[in-house]
Amino acid sequence: MKKPESPVMEAEFDLSVLPEFNFTEIIDEVLRNRTNDPIVIASRAKDLAAMLPDKLPAAGAPIKEVLERLNNLLSNHCRRTTHPGFFGYVASGGLPVDPFSHALVAALNQNVVGYPGAPAAATIEQTVIKWLCEYAGYPEQADGVFLSGGSIANLTALSVAIASCVGSDIRRVGLAQACDGKRPVILCSTATHFSIQRAAAMLGVGTDNVISVETDDCNRVRMDRLEEQFQYDHTVLCVVANAGSTTTGAVDPLADIADLCSAHSTWLHVDAAYGGGALLCPELRHLFNGIDRADSISMDLHKWFFNAIDSSVLLYRNPSAAREFFYESSDYILFPPDGPPEQHMFFHLGPELSRRFRALPAFMAFCHYGAEAMGRNIFHNVECARYLAELVDYDDNLEIVASPQLSIVTFRFIDKFLSAVQIDLVNERIREEIEKQGQFLMSATRLQGRPVLRVCIVNHATRSIHIEGLIDTVLELGQKSAKEFHLQ
Ligand SMILES: Cc1ncc(COP(=O)(O)O)c(C=O)c1O
Numbered sequence: 018m019k020k021p022e023s024p025v026m027e028a029e030f031d032l033s034v035l036p037e038f039n040f041t042e043i044i045d046e047v048l049r050n051r052t053n054d055p056i057v058i059a060s061r062a063k064d065l066a067a068m069l070p071d072k073l074p075a076a077g078a079p080i081k082e083v084l085e086r087l088n089n090l091l092s093n094h095c096r097r098t099t100h101p102g103f104f105g106y107v108a109s110g111g112l113p114v115d116p117f118s119h120a121l122v123a124a125l126n127q128n129v130v131g132y133p134g135a136p137a138a139a140t141i142e143q144t145v146i147k148w149l150c151e152y153a154g155y156p157e158q159a160d161g162v163f164l165s166g167g168s169i170a171n172l173t174a175l176s177v178a179i180a181s182c183v184g185s186d187i188r189r190v191g192l193a194q195a196c197d198g199k200r201p202v203i204l205c206s207t208a209t210h211f212s213i214q215r216a217a218a219m220l221g222v223g224t225d226n227v228i229s230v231e232t233d234d235c236n237r238v239r240m241d242r243l244e245e246q247f248q249y250d251h252t253v254l255c256v257v258a259n260a261g262s263t264t265t266g267a268v269d270p271l272a273d274i275a276d277l278c279s280a281h282s283t284w285l286h287v288d289a290a291y292g293g294g295a296l297l298c299p300e301l302r303h304l305f306n307g308i309d310r311a312d313s314i315s316m317d318l319h320k321w322f323f324n325a326i327d328s329s330v331l332l333y334r335n336p337s338a339a340r341e342f343f344y345e346s347s348d349y350i351l352f353p354p355d356g357p358p359e360q361h362m363f364f365h366l367g368p369e370l371s372r373r374f375r376a377l378p379a380f381m382a383f384c385h386y387g388a389e390a391m392g393r394n395i396f397h398n399v400e401c402a403r404y405l406a407e408l409v410d411y412d413d414n415l416e417i418v419a420s421p422q423l424s425i426v427t428f429r430f431i432d433k434f435l436s437a438v439q440i441d442l443v444n445e446r447i448r449e450e451i452e453k454q455g456q457f458l459m460s461a462t463r464l465q466g467r468p469v470l471r472v473c474i475v476n477h478a479t480r481s482i483h484i485e486g487l488i489d490t491v492l493e494l495g496q497k498s499a500k501e502f503h504l505q
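See below:
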């Protein structure tokens with residue numbers, strides 16, 4: 018028999034591409050352009066697709082050439098969330114340290130399944146989780162896990178809440194059998210983010226079984242209505258409270274909800290995906306009284322902690338329910354959930370197995386800027402929102418729809434000679450025209466069935482000058498559009 022020959026391969030993927038371009042220069046240019054260029058340029062999907070190779074390239078090209086080919090697409094067709102006039106959705110601009118920390122994540126390429134495979138990464142992740150648990154007022158035993166975003170954090174929290182309510186046997190027997198034929202329901206408010214509905218659909222609870230309880234004038238859940246729900250003969254799987262609702266930034270009465278949940282031994286999940294950053298502000302902490310009594314809390318670092326996407330945490334006051342639910346041994350990962358710290362596994366606390374080193378950018382951001390400076394920037398966003406509300410109050414052509422509780426303001430342009438329908442049309446036009454002009458962006462949203470102008474300020478670069486600029490633009494466009502109706 019012939020001796021096997023060893024296969025030969027020249028090194029093709031090596032470091033030689035790196036000297037071809039200056040990483041810092043490229044990043045610097047992206048960051049510098051954040052105010053010069055329009056936030057978004059309208060485009061057609063097929064025109065953008067035409068800028069890219071139709072087929073998977075068979076042969077490679079120098080990285081410089083690849084970047085040049087992408088130049089038009091990336092320079093002109095990435096929505097600039099970094100722009101200080103970007104007020105849409107809940108989208109922070111990212112931090113200047115992020116391009117560096119995310120590059121480091123890629124270079125280190127840690128698979129953060131747990132401590133044994135990624136000791137440094139696991140230690141950093143557990144440290145950041147511990148810091149955030151302390152900010153939430155959680156006890157020593159608390160734990161948590163980094164995930165990709167608020168939707169996944171909410172989904173994960175609900176899966177643990179359900180197991181905690183009906184028993185972790187649910188993994189085997191399913192929801193119907195675990196609930197003994199009673200209707201399983203999730204209680205939240207009409208202001209709750211739609212990720213809860215999606216989670217209910219994914220977990221087999223069903224969206225019909227998400228009960229969205231009425232809110233008060235400040236868009237906070239009505240306690241009387243929430244309490245009422247416990248009188249019915251259904252199984253309350255979990256209550257979801259808002260700590261910063263998406264549309265208006267409403268913070269539910271967390272302490273009252275915690276009282277209600279503990280009286281009924283019901284899991285309380287607080288969705289602080291947006292509002293969580295405000296825990297860093299001493300001036301705002303009182304709004305979150307009671308958050309330390311939640312069984313789980315989701316917080317997006319890529320929202321009001323200013324971090325670049327994707328970075329979210331799910332915290333558990335007592336992680337044992339999660340550990341019991343997620344623990345599943347396999348033939349190659351044998352560590353039990355109650356093992357020593359050197360056997361810590363993140364998949365005992367959430368659904369992911371292979372995970373990137375998400376905690377590094379958060380760690381670097383906290384260490385580089387410090388919690389106090391982050392808190393000051395977050396509070397400045399709140400001051401900008403309050404200033405905007407004052408400017409709205411001051412002008413006869415503007416009216417507040419929901420005053421800011423955190424850093425979201427909803428308002429509209431008004432004109433006493435126009436009907437409600439015409440006013441709605443004017444406001445829709447204002448929003449669309451502003452987006453076309455490119456110096457500001459507000460996302461489309463409705464309150465009480467009517468379109469409103471919604472400004473969400475979660476960018477550390479936003480200053481009062483941008484607020485004044487937005488108000489001037491809204492007034493100018495509103496008056497122009499109203500005049501067209503006057504002339505009809
Ligand atoms: C209150 C709230 N919860 C959850 C989410 C979903 O977060 P993500 O987009 O990170 O999945 C959002 C998104 O805006 C939100 O505002």
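Numbers in the numbering used here are just positions in the sequence shown, counted from 1, shifted up by 17.
Cβ coordinates follow ideal geometry from the N, Cα and C atoms, glycine included.
| Item | Value |
| --- | --- |
| Of the choices Leu296, Pro378, Thr207, Pro368, whose alpha-carbon is the least far from that of Gly466? | Thr207 |
| Would you call the CB atoms of Val129 and Arg372 closer than 7 Å? | yes |
| Grouping DSSP H, G and I as helix and E and B as strand, with all else coil, what is Phe352? | coil |
| Is the closest heavy atom of ligand 3 to the C-beta of Gly294 under 6 Å? | The ligand content of the structure shown is limited to ligand 1, which means ligand 3 is not among them. |
| Using the beta-carbon count (16 or more within 10 Å), is Thr264 buried or exposed? | buried |
| Please give me, in chain order, every unbroken run of the beta strand (DSSP E) with length at least 3 that falls completely inside the region 441-488. | 460-464, 467-473 |
| Where does Ile228 fall in DSSP's three states? | strand |
| To the nearest whole angstrom, what separates the beta carbons of Leu304 and Ala311, a pair I think is in contact under 8 Å? | Leu304 to Ala311, Cβ: 14 Å. No contact. |
| Just to confirm, does Gly166 get its C-beta within under 6 Å of one of the non-hydrogen atoms of ligand 1? | yes |
| Do the region 170-189 and the region 246-265 make contact, defined as three or more Cβ pairs closer than 8 Å? | yes |
| What residues in its chain sit with their C-beta under 6 Å from that of Asp45, if we drop five residues either side in the sequence? | none |
| Alpha carbon to alpha carbon, how far is Ile314 from Val306? Give it in angstroms, no decimals. | What sits at residue 306 in the sequence shown is Asn, not Val. Distance between the alpha carbons of Asn306 and Ile314: 13 Å. |
| On a Cα-Cα basis, can you pick out the residue from Ala390, Glu82, Gln496 that is closest to His477? | Ala390 |
| Is the Cβ-Cβ distance between Phe380 and Val145 less than 7 Å? | yes |
| So who's on the other strand from Asp160, going by DSSP bridges? | Tyr333 |
| Straight-line CA distance for Arg61 to Gly495? | 28 Å |
| Taking the alpha carbon of Ile3 as the reference point, which residue from Phe342, Leu487, Cys298 has its own alpha carbon closest? | Absent from the structure is residue 3, since the part of the chain shown begins at 18 and ends at 505. |
| Can you name, in chain order, every residue of its own chain whose Cβ lies under 6 Å from the Cβ of Thr99, other than the five neighbours on each side? | Arg51, Gly110 |
| Who are Leu204's beta bridge partners in DSSP? | Ile228, Val256 |
| Taking 7 Å as the cut-off, decide whether the C-beta atoms of His319 and Ile308 are in contact. | no |
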